[in-house]
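K.L.:
Using the numbering used here, read the sequence shown as starting at 202 and increasing by one per residue.
We put the CB at the ideal spot given by N, CA and C, even for glycine.
My questions all concern the structure below.
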Amino acid sequence: MDLSFFEGIQKATAGLQVSYNVHELITLLGHSTLIGIILCFITYFSTKGYLNPNKNLDKQKIALILGTTNILYLCTGLTAVMILVNNNLARAFSIGAAIALVRFRIKLGRKGAAANILFGIIGGIACGLNEITLAWLVTCLYLAISMGIYLITRKWKVFPLDEIVD
């Protein structure tokens, strides 16, 4: 490929530059990834006690691990989306349209997992808006809430939200 192809791309995207330098991007995505990993561990350890011992535990654990990694993808992905949008309405609509084409299926192993996803979304958006302190505060809040719920429900055999009919 000759260089004119790349020069054309560079000229076409000249006005669409992200306002962060590489160091800031690495910092934002690094914080987002670390927060996503922490949220995954919190979700895994607060949820694994509710696995059904009458079914295949290995399959349930693998499904739970794969389900919790969705929080990492969501957190890091939303950080990247927020960086790309960068207060540009046209970018926001184009990214929104692209995301609308994708069908998301997030399974965390129990019906009451919406809070886990919510905190991943909040952490990712906060990192993308360069609000690192808020992202870490939300992560600490999620840890405190999860620990409180775990301490209250640790003796229960079935999680109450699993009994709710869809």
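(1) At which residues does the alpha helix (DSSP H) containing Asn317 begin and terminate?
(2) When the Cα atoms are used, what is the spatial distance from His232 to Thr269?
(3) Going by beta carbon distance, what residues of the same chain come within less than 6 angstroms of Leu335, once the five residues before and after it are set aside?
(4) Between which two residues does the alpha helix (DSSP H) holding Gly268 run?
(5) Classify Val223 as buried or exposed, calling it buried when 16 or more other Cβ atoms lie within 10 Å of its own Cβ.
(6) How is Leu252 classed by DSSP in three states: helix, strand or coil?
(7) Excluding five sequence neighbours on each side, which residues of the same chain lie with their C-beta closer than 7 angstroms to the C-beta of Leu267?
(8) In whole angstroms, what is the alpha-carbon distance linking Trp373 and Asn257?
P.N.:
Walking through what the data contain:
(1) 315–329
(2) 18 angstroms
(3) Ala327
(4) 258–286
(5) exposed
(6) coil
(7) none
(8) The structure shown does not extend to residue 373, since the chain is modelled only from 202 to 367, so the question has no answer here.
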